[in-house]
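Quick note, the sequence shown lines up with residues 2 to 155 if you use the working numbering. Don't be surprised by glycine CBs; every beta carbon is placed ideally from N, CA and C. These numbers were taken from a predicted model, which means no experiment stands behind them.
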Amino acid sequence: MTSSVKPVLTGGCQCGAVRFALSAPPAKISICHCRMCQKASGAPFASFADIEHADFAWTKGKPATFRSSSIAERDFCRDCGTPLSYRLIDGPRIEIMTGAFDRPDRVVPTRQYGTESRLGWVVGVANLPSLTTLQNYGPEKLGGIVSRQHPDHD
(Lines of atoms letter the chains of each structure in order from A and count residues from 1; the text may use other names and numbers.)
(Lines give C-alpha, C1' and ligand atoms only; values in the text may rest on other atoms or scores of the structure.)
Protein backbone atom coordinates (compact mmCIF):
# COMPACT_ATOMS: atom_id res chain seq x y z
CA MET A 1 0.00 0.00 0.00
CA THR A 2 1.40 3.39 -0.95
CA SER A 3 1.09 6.42 1.31
CA SER A 4 -0.83 8.34 -1.41
CA VAL A 5 -3.73 5.86 -1.35
CA LYS A 6 -6.66 6.74 0.92
CA PRO A 7 -7.30 3.79 3.27
CA VAL A 8 -10.49 1.78 2.81
CA LEU A 9 -10.34 0.43 6.38
CA THR A 10 -8.09 1.10 9.38
CA GLY A 11 -7.55 -0.43 12.77
CA GLY A 12 -5.08 -1.34 15.44
CA CYS A 13 -4.44 -2.72 18.88
CA GLN A 14 -6.15 -1.72 22.09
CA CYS A 15 -3.38 0.62 23.30
CA GLY A 16 -2.70 2.26 19.91
CA ALA A 17 0.97 1.23 19.66
CA VAL A 18 0.26 -0.74 16.46
CA ARG A 19 -2.00 0.57 13.68
CA PHE A 20 -2.77 -0.68 10.16
CA ALA A 21 -4.58 0.38 6.98
CA LEU A 22 -6.09 -1.37 3.95
CA SER A 23 -6.14 0.17 0.48
CA ALA A 24 -8.69 -2.35 -0.86
CA PRO A 25 -11.54 -4.32 0.69
CA PRO A 26 -10.73 -7.77 2.10
CA ALA A 27 -10.97 -10.71 -0.32
CA LYS A 28 -13.01 -12.71 2.19
CA ILE A 29 -14.10 -12.52 5.81
CA SER A 30 -14.44 -15.67 7.87
CA ILE A 31 -14.78 -17.22 11.29
CA CYS A 32 -12.49 -20.02 12.45
CA HIS A 33 -13.53 -22.34 15.27
CA CYS A 34 -10.35 -24.49 15.34
CA ARG A 35 -8.64 -25.02 18.70
CA MET A 36 -5.59 -23.03 17.64
CA CYS A 37 -7.72 -19.98 16.82
CA GLN A 38 -9.68 -20.40 20.05
CA LYS A 39 -6.43 -20.36 22.03
CA ALA A 40 -4.87 -17.51 20.00
CA SER A 41 -7.90 -15.26 20.44
CA GLY A 42 -8.84 -16.38 23.95
CA ALA A 43 -12.39 -16.65 22.62
CA PRO A 44 -14.78 -19.34 21.34
CA PHE A 45 -13.77 -18.49 17.76
CA ALA A 46 -11.65 -16.02 15.80
CA SER A 47 -12.85 -13.83 12.94
CA PHE A 48 -10.51 -12.75 10.14
CA ALA A 49 -10.46 -10.44 7.11
CA ASP A 50 -8.23 -11.89 4.37
CA ILE A 51 -6.13 -9.19 2.65
CA GLU A 52 -3.50 -9.23 -0.08
CA HIS A 53 -0.12 -8.04 1.26
CA ALA A 54 -0.03 -5.34 -1.45
CA ASP A 55 -3.27 -3.86 -0.05
CA PHE A 56 -2.10 -3.82 3.57
CA ALA A 57 0.37 -1.79 5.67
CA TRP A 58 1.33 -1.42 9.30
CA THR A 59 1.06 2.38 9.68
CA LYS A 60 2.27 2.75 13.27
CA GLY A 61 4.57 0.48 15.22
CA LYS A 62 5.38 -3.10 14.37
CA PRO A 63 3.70 -6.10 15.97
CA ALA A 64 5.47 -8.94 17.74
CA THR A 65 5.16 -12.37 16.13
CA PHE A 66 4.50 -15.87 17.45
CA ARG A 67 5.10 -18.86 15.17
CA SER A 68 1.98 -20.83 16.11
CA SER A 69 2.68 -23.80 13.83
CA SER A 70 5.12 -25.01 11.20
CA ILE A 71 3.14 -23.12 8.54
CA ALA A 72 1.79 -19.98 10.23
CA GLU A 73 2.62 -16.94 12.34
CA ARG A 74 0.37 -14.71 14.42
CA ASP A 75 1.05 -11.04 15.07
CA PHE A 76 0.10 -9.24 18.29
CA CYS A 77 0.87 -6.02 20.13
CA ARG A 78 3.80 -6.55 22.46
CA ASP A 79 2.55 -3.72 24.72
CA CYS A 80 -1.12 -4.61 25.30
CA GLY A 81 -1.32 -8.17 23.94
CA THR A 82 -4.06 -7.55 21.37
CA PRO A 83 -4.11 -10.40 18.80
CA LEU A 84 -3.87 -8.79 15.34
CA SER A 85 -3.30 -11.32 12.57
CA TYR A 86 -2.77 -14.80 11.24
CA ARG A 87 -0.66 -15.44 8.17
CA LEU A 88 0.89 -18.34 6.35
CA ILE A 89 4.67 -18.07 6.37
CA ASP A 90 5.67 -16.59 2.98
CA GLY A 91 1.99 -16.57 1.94
CA PRO A 92 0.49 -13.88 -0.34
CA ARG A 93 -2.06 -12.63 2.21
CA ILE A 94 -2.46 -11.59 5.81
CA GLU A 95 -5.61 -12.26 7.82
CA ILE A 96 -6.45 -9.44 10.23
CA MET A 97 -8.66 -10.12 13.25
CA THR A 98 -11.95 -8.33 12.60
CA GLY A 99 -12.22 -7.03 16.17
CA ALA A 100 -9.04 -4.99 15.58
CA PHE A 101 -10.71 -2.86 12.88
CA ASP A 102 -11.92 0.63 13.78
CA ARG A 103 -15.23 -0.30 12.12
CA PRO A 104 -15.68 -4.04 12.71
CA ASP A 105 -19.28 -3.67 11.54
CA ARG A 106 -17.88 -3.28 8.00
CA VAL A 107 -16.17 -6.68 7.97
CA VAL A 108 -18.97 -9.22 8.10
CA PRO A 109 -18.07 -12.94 7.96
CA THR A 110 -19.47 -14.97 5.06
CA ARG A 111 -18.05 -18.43 5.91
CA GLN A 112 -16.81 -20.63 8.77
CA TYR A 113 -13.86 -22.98 9.12
CA GLY A 114 -12.70 -25.45 11.76
CA THR A 115 -16.29 -26.31 12.60
CA GLU A 116 -15.23 -29.65 14.07
CA SER A 117 -14.19 -27.61 17.14
CA ARG A 118 -17.17 -25.24 17.18
CA LEU A 119 -18.56 -25.05 20.70
CA GLY A 120 -22.16 -26.22 20.80
CA TRP A 121 -23.43 -23.16 22.63
CA VAL A 122 -22.11 -20.68 20.03
CA VAL A 123 -25.14 -21.08 17.75
CA GLY A 124 -27.52 -19.91 20.52
CA VAL A 125 -25.62 -16.78 21.61
CA ALA A 126 -28.00 -14.39 19.83
CA ASN A 127 -30.89 -15.77 21.87
CA LEU A 128 -29.32 -15.18 25.30
CA PRO A 129 -30.69 -12.38 27.51
CA SER A 130 -28.68 -9.21 26.88
CA LEU A 131 -27.94 -5.78 28.34
CA THR A 132 -26.17 -2.73 26.96
CA THR A 133 -23.04 -1.59 28.78
CA LEU A 134 -25.01 1.30 30.28
CA GLN A 135 -27.69 -1.09 31.52
CA ASN A 136 -25.06 -3.42 32.98
CA TYR A 137 -23.02 -0.80 34.88
CA GLY A 138 -25.48 2.03 35.34
CA PRO A 139 -24.81 5.69 34.49
CA GLU A 140 -22.95 6.53 37.73
CA LYS A 141 -20.41 3.71 37.49
CA LEU A 142 -20.06 3.97 33.71
CA GLY A 143 -19.47 7.72 33.96
CA GLY A 144 -16.56 7.15 36.36
CA ILE A 145 -14.68 4.65 34.19
CA VAL A 146 -11.45 5.98 32.67
CA SER A 147 -10.64 4.15 29.44
CA ARG A 148 -7.05 3.72 28.33
CA GLN A 149 -8.14 2.22 25.04
CA HIS A 150 -7.01 3.94 21.85
CA PRO A 151 -9.95 5.54 20.01
CA ASP A 152 -11.26 3.86 16.87
CA HIS A 153 -9.45 6.24 14.53
CA ASP A 154 -5.98 7.66 13.90
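query, result
"Starting from the C-beta of residue 29, find all residues in its chain whose C-beta is less than 6 Å away, skip the five residues before and the five after it, and write them out in chain order.", "51"
"Is the CB-CB distance between residue 112 and residue 31 below 7 Å?", "yes"
"If the criterion is Cβ atoms closer than 7 Å, does the pair residue 25 and residue 56 meet it?", "yes"
"Excluding the five sequence neighbours on either side, which residues of its own chain have a C-beta within less than 8 Å of the C-beta of residue 102, listed in chain order?", "10, 11, 12, 50, 108"
"If you count every other CB in all the chains shown that lies within 10 Å of the CB of residue 84, and 16 or more means buried, which is it?", "buried"
"Taking C-alpha atoms, which residue in 146, 116, 80, 140 lies nearest to residue 16?", "80"
"Are the Cβ atoms of residue 8 and residue 48 separated by less than 7 Å?", "no"
"Alpha carbon to alpha carbon, what distance is there between residue 90 and residue 23?", "20 Å"
"Would you say the beta carbon of residue 116 comes nearer than 6 Å to a heavy atom of the ligand ZN?", "This structure lacks the ligand ZN; in fact it carries no ligand of any kind."
"Could you name the residues that DSSP lists as bridge partners for residue 84?", "77"
"Helix, strand or coil for residue 106? Go by DSSP, reduced to three states.", "helix"
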